[in-house]
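Residue numbers (this note's numbering): 1 to 175.
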């Protein structure tokens, strides 16, 4: 009789194994999906991919930046500017906006830029919360270089996560 009971038991068929595997996989996906979705949102990967897609389609996009200009009393004030995305980072776009000159609101307040108008941005690099801003040699021709340096530093330090600034001209520190 024991032999008969053994013969009536069916071994697991490949179809049953497939069904068990699918149920297990769907269970893991259902449990993990909210965590993966939250992690993707926090990392900014989806935003970056969307931005890259816009760049590839040639759609001009803008970015809100804040730049510092010097008031008549010698203090610096930050002005919000909507800048066209020119570089790969907010740092690059911020300094391109700074070099573009004072916006209308700043001019109304009497704020001006002490940076030599012929200055070009060669590059911006962030390393260990220190922002390295590299300008062309024209930067050194600023009539009031101390005020130009103060303007660059105020603009950089207003950005989130920046603890220090190094101003470069032609790839070499000027201080």
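Using N, Cα and C, we set each Cβ at its ideal position, and we do this for glycine too. Bear in mind the structure is a predicted one, so any value in this text is a computation, not a measurement.
{"query": "Given a threshold of 16 other Cβ atoms within 10 Å of its Cβ, counted over all protein chains shown, does residue 81 qualify as buried or as exposed?", "result": "buried"}
{"query": "Specify whether the segment 28-47 and the segment 110-117 touch according to this definition: at least 3 beta carbon pairs, one from each stretch, less than 8 angstroms apart.", "result": "no"}
{"query": "Does the count of Cβ pairs from the segment 120-139 and the segment 84-91 closer than 8 angstroms reach three?", "result": "yes"}
{"query": "Hey, out of 62, 70, 42, whose CA is closest to residue 109's CA?", "result": "70"}
{"query": "Using 10 angstroms around the beta-carbon of residue 146, count the other beta-carbons present and answer buried if the total reaches 16, otherwise exposed.", "result": "exposed"}
{"query": "Cα-Cα, which of 18, 121, 42, 68 is closest to residue 150?", "result": "68"}
{"query": "Please check the pair residue 156 and residue 169, which I expect to be a contact at CB under 8 angstroms, by giving their CB distance rounded to whole angstroms.", "result": "Not really, about 15 angstroms apart at Cβ, beyond 8 angstroms."}
{"query": "Less than 8 angstroms separating the beta-carbons of residue 134 and residue 161?", "result": "no"}
{"query": "State the Cα-Cα distance for the pair residue 105 and residue 79, rounded to the nearest angstrom.", "result": "8 angstroms"}
{"query": "Express the C-alpha separation of residue 65 and residue 85 in angstroms, rounding to a whole number.", "result": "10 angstroms"}
{"query": "Does residue 164 come out as helix, strand or coil in the three-state DSSP assignment?", "result": "strand"}
{"query": "Whole angstroms are fine: how far does the CA of residue 152 sit from the CA of residue 33?", "result": "44 angstroms"}
{"query": "Along the alpha helix (DSSP H) that carries residue 66, what are the first and last residues, could you check?", "result": "Run containing residue 66: none in the alpha helix (DSSP H); it sits in the beta strand (DSSP E), 62-70."}
{"query": "Quick check on residue 23: buried or exposed, where buried means 16 or more other Cβ atoms within 10 Å of its Cβ?", "result": "exposed"}
{"query": "Under three-state DSSP, which class holds residue 123?", "result": "strand"}
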